[in-house]
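In the numbering used here, the protein residues as written are 19 to 123.
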């Protein structure tokens, strides 16, 4: 199963976005493991699971880490982006899932 990783500042909001994304993915019949990790653990996560990771989304609160993390994801050919701020703030799991899927495709 492919993974969608949300890397954040370990906030509660991201886990709520994950829950809503999981519900939306299930409703669409999509099979992804969607989960959140602290941004500082992304390097280790990619070392362990790079072949399984479909996309990495950064929480808006760590957007300043995008270029640093792009170097990590590019070496594994994994797309990365910052989660749309409005979708994140309104906990719109469907829109965040759409963003992830657009990057995968």
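Note that beta-carbon positions come from the ideal geometry of N, C-alpha and C, so glycine has one too.
Distance, Cα to Cα, residue i vs residue j?
| i | j | result |
| --- | --- | --- |
| residue 108 | residue 84 | 22 Å |
| residue 45 | residue 112 | 10 Å |
| residue 95 | residue 105 | 25 Å |
| residue 76 | residue 35 | 12 Å |
| residue 78 | residue 31 | 11 Å |
| residue 121 | residue 74 | 9 Å |
| residue 19 | residue 68 | 12 Å |
Please go through the same chain and pick out, in chain order, the residues whose beta-carbon is closer than 7 Å to the beta-carbon of residue i, but skip the five residues on each side of it.
| i | result |
| --- | --- |
| residue 63 | 23 and 55 |
| residue 40 | 52 |
| residue 100 | 76, 78, 81 and 84 |
Going by alpha carbons, who is nearest to residue i out of the options?
| i | options | result |
| --- | --- | --- |
| residue 119 | 49, 89 and 87 | 49 |
| residue 27 | 82, 97 and 117 | 82 |
Decide if residue i is buried, meaning its Cβ has at least 16 other Cβ atoms within 10 Å, or exposed.
| i | result |
| --- | --- |
| residue 57 | buried |
| residue 117 | buried |
| residue 123 | exposed |
Might you give, ordered along the chain, the residues of its own chain that have their beta carbon closer than 8 Å to the beta carbon of residue i, omitting 5 neighbours on each side?
| i | result |
| --- | --- |
| residue 43 | 49, 50, 52 and 115 |
| residue 126 | Residue coverage of the chain in this structure runs from 19 to 123, which leaves residue 126 outside it and unanswerable. |
With a threshold of 7 Å (Cβ to nearest heavy atom), would residue i be considered close to the ligand FAD?
| i | result |
| --- | --- |
| residue 85 | No copy of the ligand FAD occurs in the structure displayed, which carries no ligand at all. |
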